[in-house]
Amino acid sequence: MPLAITQDHRALADVAGAMVAGRAGTAGARRILLDRDKGSRWWSTDGLWKEMVSTGWLGLHIDERFDGQGYGLPELTIVLEQLGRAAVGGPFLPTVTVSAVIAEAGTDEQRERWLPRLVSGDMVAGIGTNGDAAVRDSMVSATKVPALAEAAADLFLLPVGDDLVLVEADDGLSTRTVDSVDQLLAPVVVVSLASVQVAEVFPDAAGVAARILRLLAAAEAVGGLGACTEMATAYAAGREQFGSPIGSFQAVKHHCANMLLDTELAVAAIWDAARAVGSEAELAAAMAAGHALTAYQRVALQNVQVHGGIGYTWEHDAHLYIRRATVLQAFAGDQDALRDRVIALQRDGVRRHQHEFGSTSEDLGHIAITQRNHAGSNEHALRREPLTMDDYLASRWINEPFRVLDCTSEVDGAVAVLIVGEDIARDTKQPPMWLVGSSNSQGGAGWSEWDDPTEMYSRTAGPKIWEKTGLSPADMDLACMYDCFTYTVMATMEGFGFCEKGEVGKFFSTGRATYGGDVVVNPHGGLLSEGYIHGLNHHYEAALQLRHAAGVRQVENAQLALVTAGGGPFGGANVYSKEHP
1 MPLAITQDHR ALADVAGAMV AGRAGTAGAR RILLDRDKGS RWWSTDGLWK EMVSTGWLGL
61 HIDERFDGQG YGLPELTIVL EQLGRAAVGG PFLPTVTVSA VIAEAGTDEQ RERWLPRLVS
121 GDMVAGIGTN GDAAVRDSMV SATKVPALAE AAADLFLLPV GDDLVLVEAD DGLSTRTVDS
181 VDQLLAPVVV VSLASVQVAE VFPDAAGVAA RILRLLAAAE AVGGLGACTE MATAYAAGRE
241 QFGSPIGSFQ AVKHHCANML LDTELAVAAI WDAARAVGSE AELAAAMAAG HALTAYQRVA
301 LQNVQVHGGI GYTWEHDAHL YIRRATVLQA FAGDQDALRD RVIALQRDGV RRHQHEFGST
361 SEDLGHIAIT QRNHAGSNEH ALRREPLTMD DYLASRWINE PFRVLDCTSE VDGAVAVLIV
421 GEDIARDTKQ PPMWLVGSSN SQGGAGWSEW DDPTEMYSRT AGPKIWEKTG LSPADMDLAC
481 MYDCFTYTVM ATMEGFGFCE KGEVGKFFST GRATYGGDVV VNPHGGLLSE GYIHGLNHHY
541 EAALQLRHAA GVRQVENAQL ALVTAGGGPF GGANVYSKEH P
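Residue 1 is where the sequence shown starts when you use the UniProt record's numbering, and the numbers rise one by one after that.
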């Protein structure tokens with residue numbers, strides 16, 4: 001699936017794709033790679049660059065007051081996707097990144113000074129990351145600032161601590177092109193400055209630049225992902241060995257399927273990030289880059305593997321994508337940093353919950369302990385040993401406020417779910433469980449529209465499931481609550497209406513979530529103790545309980561079960577019945 005999903009966006013993607021193809025596509029990338037003078041303003045005579053300027057692509061995301069087109073980042077990501085599909089050369093990515101940062105973090109006066117010149121193509125810009133730039137008396141100096149930029153760029157946006165400074169190229173600024181694996185779009189340069197006048201300061205905007213670069217680099221990666229996947233599958237369908245297309249061989253087939261999966265996940269993440277506003281924008285961009293840029297490297301390499309020997313040659317296009325994926329990953333996809341940022345932003349929901357509703361670490365501990373107690377009766381559970389509050393509180397931190405015992409564990413396992421019609425179900429060897437109703441939270445709202453991190457998908461899926469089924473939390477005999485983390489249980493128990501906000505810890509500590517209480521939560525131990533099989537083991541447990549085949553952990557006279565799955569804003573629930581509803 002491409003990024004363009006509306007009619008207008010598909011039209012934009014078609015125009016952009018046709019323009020790129022008309023300018024020789026990857027052949028243009030090869031020309032830039034081989035022929036350009038890296039110290040010159042080569043792009044000023046490049047036909048595609050001139051066409052991009054005249055079509056207004058440099059200002060798609062810029063307000064019309066500053067000579068832009070008045071659209072936004074979603075439209076810009078669509079163009080970048082098309083450029084990424086053909087590994088198109090030019091200073092487009094760093095220039096639009098800088099203009100997007102100025103548009104968001106600058107004052108109207110700063111926007112007026114710089115945006116029209118960037119939109120018109122009169123100036124091209126570079127974006128720096130890290131480095132040792134320092135400002136004193138409005139002069140900036142640095143010995144080494146890595147930047148994604150043309151060596152002859154006019155402007156450089158550089159980080160200085162938490163701030164950004166904009167500097168114009170002058171005699172005190174020098175650039176050295178690094179011989180990186182990718183010299184296709186903007187090469188990697190090292191910027192040095194000797195007391196260069198600061199043109200603008202954008203206070204506390206370094207995070208804005210990091211977020212926008214991650215998003216736009218990831219959008220370009222989506223184009224590369226799509227191109228590599230299509231290239232590999234087309235080759236696998238046409239190349240024959242032993243009288244059959246190689247795509248019919250399981251190993252190759254799985255490669256192509258995984259490539260498509262990586263591509264589709266990246267599209268979904270980036271589209272959400274492109275629409276993101278407010279406090280969720282940084283999280284969405286980090287998640288998008290964290291997946292898309294790593295996936296791009298992986299898929300580009302898999303593309304070579306599917307092609308075999310021909311994929312390793314200079315004449316084949318496969319290496320163009322490996323080059324670009326490697327540099328994009330280096331500049332915008334530091335996986336350790338992205339993972340740390342995602343975890344830090346996710347944990348803010350827990351901390352906000354603790355601040356607003358008085359929940360504590362001990363409340364999370366009661367969830368872990370209750371489920372571990374249940375797992376003690378489950379011979380298939382990974383973790384069956386007894387757990388005390390002292391054990392829980394002494395367990396090592398993963399990322400405060402999450403301890404290792406707040407997290408599920410990956411296991412080897414499988415569950416098969418057979419969904420059949422009523423006529424078949426009556427004749428099966430094992431008694432079926434009946435689906436009473438389902439609900440989900442997906443109605444267009446993603447991280448971009450999620451205003452309260454203390455809540456999850458259950459905020460909408462909860463009321464829906466009770467309305468659809470005519471039932472209530474009090475009717476449930478057991479609840480298999482998705483529990484990749486203890487906090488997921490806390491947030492969704494509230495969202496599905498089992499208790500009020502801030503009351504989950506007490507609900508578990510007083511025995512209301514176990515045998516003899518209001519509802520038995522995760523009688524098998526849940527993902528936290530039985531193991532992480534992506535929530536399918538919850539459905540299996542519900543089936544055992546409703547068949548009255550769960551042995552020593554059987555919930556007495558179990559008739560109805562709630563099974564949930566999801567995290568953050570995305571998820572849903574099923575209600576199952578022992579008897580035909």
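Ideal Cβ placement from N, Cα and C applies to all residues, glycine included. Just so you know, these numbers come straight off a predicted model, no measurement behind them.
Rounded to whole angstroms, what's the CA-CA distance from G311 to A318? Just pull it up for me.
Here the question's residue 311 lines up with position 311 in the sequence shown. Here the question's residue 318 lines up with position 318 in the sequence shown. Roughly 6 Å between the two C-alpha positions.
Determine the direct distance from the alpha carbon of V519 to that of D334, and round the result to whole angstroms.
By 1-based counting over the sequence shown, the position of residue 334 is 334. By 1-based counting over the sequence shown, the position of residue 519 is 519. Roughly 44 Å separates the two Cα atoms.
Under three-state DSSP, which class holds W434?
Counting from 1 along the sequence shown, the entry for residue 434 is found at position 434. Three-state result, W434: strand.
Does the distance from the C-beta atom of S120 to that of V198 stay below 7 Å?
For the purposes of this step, residue 120 is taken as the residue at position 120 of the sequence shown. For the purposes of this step, residue 198 is taken as the residue at position 198 of the sequence shown. Their beta carbons are not under 7 Å apart, which means S120 does not touch V198 by this criterion.
Give the DSSP-derived three-state secondary structure of S439 in the structure shown.
In the sequence shown, the residue the question calls residue 439 occupies position 439. Looking at S439 - three-state DSSP - the assignment turns out to be strand.
Using CA atoms only, rank isn't needed, just tell me which of V145, S141 and F498 is closest to G172.
Residue numbering aside, residue 172 sits at position 172 when the sequence shown is read from its first letter. Looking at the Cα atoms, S141 is the closest of the given residues.
If you run the structure through DSSP and keep just helix, strand and coil, what is Y71?
Stepping through the sequence shown from its first residue, residue 71 is reached at position 71. The answer is coil: DSSP assigns Y71 none of H, G, I, E or B.
Output the distance between the C-alpha atoms of N399 and S458, rounded to the nearest integer angstrom.
Residue numbering aside, residue 399 sits at position 399 when the sequence shown is read from its first letter. Residue numbering aside, residue 458 sits at position 458 when the sequence shown is read from its first letter. Taking the straight line from one Cα to the other gives about 24 Å.
Output the boundary residues of the alpha helix (DSSP H) element that contains G238.
What you label residue 238 is simply residue 238 of the sequence shown in a count that begins at 1. Run containing G238: A206 to G238, per the alpha helix (DSSP H) assignment.
Helix, strand or coil: how does DSSP classify S54 here?
Start at 1 with the first residue of the sequence shown, and residue 54 comes out as number 54. Reduced to three states, the DSSP call for S54 is helix.
Would you list the one or two residues that DSSP bridges to D163?
Numbered from 1 along the sequence shown, position 163 holds the residue referred to as residue 163. In the DSSP output, where bridge partners are listed per residue, D163 has V160.
Which value, in whole angstroms, describes the spacing of the CA atoms of L213 and E282?
Position 213 of the sequence shown holds residue 213. Position 282 of the sequence shown holds residue 282. L213 and E282: Cα-Cα distance of roughly 11 Å.
From which residue to which residue does the alpha helix (DSSP H) around L528 run?
In the sequence shown, counting from the first residue as 1, residue 528 sits at position 528. Taken as a continuous stretch (DSSP letters only), the alpha helix (DSSP H) holding L528 covers G526 to S529.
Just to confirm the assignment, what range does the alpha helix (DSSP H) spanning N537 have?
Counting from 1 along the sequence shown, the entry for residue 537 is found at position 537. L536 to L546 is the extent of the alpha helix (DSSP H) around N537.
Whose C-alpha, out of P432, L118 and R323, is nearest the C-alpha of D154?
Against the sequence shown, residue 154 aligns to sequence position 154. Nearest C-alpha to D154: L118.
On the three-state DSSP scale, how would you describe Q7?
As a working note, residue 7 is residue 7 in the sequence shown. Helix at Q7.
Identify whether T313 lies in helix, strand or coil by the three-state DSSP scheme.
For the purposes of this step, residue 313 is taken as residue 313 along the sequence shown, with counting starting at 1. Coil.
So the candidates are S359, G226, S244 and L364; which of them puts its Cα closest to the Cα of V267?
One-based indexing of the sequence shown puts residue 267 at position 267. Closest by alpha carbon: G226.
Taking contact to mean at least 3 C-beta pairs separated by less than 8 Å, is the stretch 539 to 557 in contact with the stretch 388 to 404?
At 8 Å Cβ cutoff, the stretches do not touch.
Can you say whether L393 is buried or exposed, counting buried as having 16 or more other CB atoms within 10 angstroms of its CB?
The sequence position of residue 393 within the sequence shown is 393, counting from 1. Its Cβ having fewer than 16 others within 10 Å, L393 is exposed.
Where does the unbroken beta strand (DSSP E) through E200 begin, and where does it stop?
In the sequence shown, the residue the question calls residue 200 occupies position 200. Start and end: E200 to F202.
Are A292 and A332 close, meaning C-beta to C-beta below 7 Å?
The residue labelled residue 292 in the question sits at position 292 within the sequence shown. The residue labelled residue 332 in the question sits at position 332 within the sequence shown. Not in contact: A292 and A332 (Cβ atoms no closer than 7 Å).
Is the beta carbon of T77 sitting closer than 7 Å to the one on A368?
The residue labelled residue 77 in the question sits at position 77 within the sequence shown. The residue labelled residue 368 in the question sits at position 368 within the sequence shown. Contact: no.
Would you call F242 buried or exposed, if buried means 16 or more other Cβ atoms sit within 10 Å of its Cβ?
Stepping through the sequence shown from its first residue, residue 242 is reached at position 242. With fewer than 16 Cβ atoms within 10 Å of its Cβ, F242 is classed as exposed.
Under a Cβ-count criterion, where at least 16 other Cβ atoms within 10 Å of its own Cβ denotes burial, should S244 be classed as buried or exposed?
Locating residue 244 in the sequence shown gives position 244, counting from the first residue. By the 10 Å Cβ count, S244 comes out exposed.
Is the CB-CB distance between L260 and T229 below 7 Å?
By one-based count along the sequence shown, residue 260 stands at place 260. By one-based count along the sequence shown, residue 229 stands at place 229. Taking 7 Å as the Cβ cut-off, L260 and T229 qualify as a contacting pair.
Select from S195, W271, V190 and G106 the residue whose C-alpha is nearest the C-alpha of V222.
Numbered from 1 along the sequence shown, position 222 holds the residue referred to as residue 222. Of the listed residues, the one whose Cα sits closest to V222 is W271.
From G376 to T492, what distance separates their C-alpha atoms?
Position 376 of the sequence shown, counted from the first residue, corresponds to residue 376. Position 492 of the sequence shown, counted from the first residue, corresponds to residue 492. Rounded to the nearest angstrom, the two C-alpha atoms are 24 Å apart.
Using three-state DSSP, classify S448 as helix, strand or coil.
Along the sequence shown, read from residue 1 onward, the residue named residue 448 stands at position 448. Low confidence applies to S448: its pLDDT is 47, below 50, so where it sits in the model is not reliable, and the reading given next is rough at best. S448: helix per DSSP, three-state reduction.
Are the stretch 298 to 306 and the stretch 202 to 209 in contact at 8 Å, needing three or more beta carbon pairs?
Result no; under three Cβ-Cβ pairs closer than 8 Å.
State buried or exposed for E494, treating a residue as buried only when at least 16 other CB atoms are found within 10 Å of its CB.
Locating residue 494 in the sequence shown gives position 494, counting from the first residue. E494 is buried by the Cβ-count criterion.
Which residue's Cα is closest to the Cα of A561: L12, W314, V575 and R85?
The residue you call residue 561 lines up with position 561 of the sequence shown. If we check each option's Cα against that of A561, V575 comes out closest.
Considering only their Cβ atoms, is the gap separating A134 from P94 smaller than 7 Å?
By one-based count along the sequence shown, residue 94 stands at place 94. By one-based count along the sequence shown, residue 134 stands at place 134. No, they are not a contact pair.
What are the start and end residues of the beta strand (DSSP E) that includes L560?
Here residue 560 refers to the residue found at position 560 of the sequence shown. Its beta strand (DSSP E) spans residues L560 to G567.
Just to confirm the assignment, what range does the beta strand (DSSP E) spanning V404 have?
For the purposes of this step, residue 404 is identified with residue 404 of the sequence shown, where counting begins at 1. Segment: none, V404 is in no beta strand (DSSP E) and carries neither H nor E.
Does DSSP classify F485 as helix, strand or coil?
For this step, residue 485 is matched to residue 485 along the sequence shown. Of the three classes helix, strand and coil, the one that applies to F485 here is strand, per DSSP.
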